[in-house]
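Asks: Each residue of the sequence shown is one higher than the last, beginning at 251 in the working numbering.
Beta carbons: idealized from backbone N, C-alpha and C, even for Gly.
First the structure, which I've put down as structure tokens, then a few questions once you've had a look.
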Amino acid sequence: MNKKLLFIVVLFLVANSVIYSLSLYKNNVVASYYAEDFHGKKTSNGEDFNMNSLTCAHKSLPFNTIIKVTNISNGKSVNVRVNDRGPFVLNREIDLSKAAAVQLDMIGKGTVKVKLEIVKQGENTKQSVQTAQKALQIMKQRFPNYQESVETQTSEQKKTTDLSKISKGTLWD
251 MNKKLLFIVV LFLVANSVIY SLSLYKNNVV ASYYAEDFHG KKTSNGEDFN
301 MNSLTCAHKS LPFNTIIKVT NISNGKSVNV RVNDRGPFVL NREIDLSKAA
351 AVQLDMIGKG TVKVKLEIVK QGENTKQSVQ TAQKALQIMK QRFPNYQESV
401 ETQTSEQKKT TDLSKISKGT LWD
């Protein structure tokens with residue numbers, strides 16, 4: 251009995267370590283930060299922006315995704331939670347709160363090259379999808395040649411789509 255219990259506990263721990271392992275999302279991309287001008291204003295997910303919280307804006311990742319952001323020039327890193335959309339500037343991948351920017355030692359620089367790793371993927375809710383689509387529209391209006399792949403389906407729609415592709419033999423198209 252004890253061996254079975256031990257086996258189950260070990261299996262559970264191994265499974266969790268696989269689930270929560272970091273996944274490289276993007277490397278050598280530009281991060282900026284936003285602070286006082288937006289402090290207290292509503293974010294895209296409806297929260298009040300708090301420049302002292304470890305949060306960020308991203309154009310397409312689901313809300314509540316946890317990202318490990320590493321400053322490539324000094325190796326400092328911080329985990330942030332996606333709660334807003336942006337930055338709406340070409341060649342910028344992520345907009346960090348001031349608190350996150352302080353931890354990355356980027357305040358005086360304004361922008362830095364970073365590595366982004368997904369710690370925990372947020373749920374692709376209807377709100378996440380709609381605001382990501384709106385962010386894409388904003389970028390295309392400002393920059394007509396802008397291209398960004400955006401996940402535009404909820405989890406349930408994606409399951410249905412994947413099943414239909416399997417039945418048609420076009421899963422990899």
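On the DSSP letters alone, give me the boundaries of the alpha helix (DSSP H) that Ala382 sits inside.
Replies: Here residue 382 refers to the residue found at position 132 when the sequence shown is read from its first residue. Looking at the DSSP string, the run of the alpha helix (DSSP H) that includes Ala382 is Lys376 to Arg392.
Asks: Could you tell me whether the Cβ atoms of Lys370 and Thr315 are closer together than 8 angstroms?
Replies: Here the question's residue 370 lines up with position 120 in the sequence shown. Here the question's residue 315 lines up with position 65 in the sequence shown. Yes; because the gap between Cβ atoms is below 8 angstroms, this pair is in contact.
Asks: Going by Cα to Cα distance, which pick from Ala385, Glu343, Tyr396 and Asn374 is closest to Met293?
Replies: Within the sequence shown, the letter at position 43 stands for residue 293. A small correction: the amino acid at residue 293 is Thr; Met does not occupy that position in the sequence shown. Comparing Cα positions, the closest option is Ala385.
Asks: In the DSSP assignment, what residue or residues form a beta bridge with Glu367?
Replies: Taking the sequence shown and counting its residues from 1, one reaches residue 367 at position 117. Its beta-bridge partners are Leu274 and Lys318.
Asks: So, under 8 angstroms CB-CB, Tyr283 and Glu367 are touching, yes? Tell me the CB distance rounded to an integer number of Å.
Replies: Along the sequence shown, one-based indexing puts residue 283 at 33. Along the sequence shown, one-based indexing puts residue 367 at 117. About 19 angstroms separates the two Cβ atoms, so there is no contact after all.
Asks: With distances taken Cα to Cα, identify the nearest neighbour of Val332 among Ile322, Ile357 and Phe299.
Replies: Taking the first residue of the sequence shown as 1, we reach residue 332 at position 82. Selected option, being the one with the closest Cα: Phe299.
Asks: Can you tell me whether DSSP reads Val352 as helix, strand or coil?
Replies: Locating residue 352 in the sequence shown gives position 102, where the first residue counts as 1. Here Val352 sits in helix by DSSP.
Asks: Per the DSSP calculation, Asn329 is bridged to which residue(s)?
Replies: For the purposes of this step, residue 329 is identified with residue 79 of the sequence shown, where counting begins at 1. Answer is Lys318.
Asks: Within the same chain, show all residues whose beta-carbon is closer than 7 angstroms to that of Asp355, passing over the 5 residues directly before and after it, in chain order.
Replies: One-based indexing of the sequence shown puts residue 355 at position 105. If we look at Asp355 and ignore the five residues flanking it on each side, its Cβ neighbours are Asn321, Asn324 and Lys326.
Asks: Measuring alpha carbon to alpha carbon, tell me which of Leu311, Glu286 and Phe393 ends up nearest Asn302.
Replies: As a first step, residue 302 must be located in the sequence shown, where it is residue number 52. The candidate whose alpha carbon is nearest that of Asn302 is Glu286.
Asks: Below 8 angstroms on the Cβ atoms is my guess for Leu304 versus Ala351; work out the distance and round it to an integer in Å.
Replies: Locating residue 304 in the sequence shown gives position 54, where the first residue counts as 1. Locating residue 351 in the sequence shown gives position 101, where the first residue counts as 1. Not a contact, Cβ separation roughly 10 angstroms.
Asks: By Cβ distance, which residues of its chain are closer than 7 angstroms to Gly290, with the 5 residues on each side in sequence left out?
Replies: By one-based count along the sequence shown, residue 290 stands at place 40. The residues are Asp298 and Phe299.
Asks: Tell me the DSSP secondary structure of Asp334 in three-state form.
Replies: Residue mapping note: residue 334 aligns to position 84 of the sequence shown, counting from 1. Three-state result, Asp334: strand.
Asks: Under the DSSP definition of a beta bridge, which residues are partnered with His289?
Replies: Numbered from its first residue, the sequence shown carries residue 289 at position 39. Paired residues: none, contrary to the question.
Asks: By the 10 Å Cβ neighbour count, where 16 or more other Cβ atoms means buried, how is Val339 classified, buried or exposed?
Replies: Against the sequence shown, residue 339 aligns to sequence position 89. With fewer than 16 other Cβ atoms within 10 Å, it is exposed.
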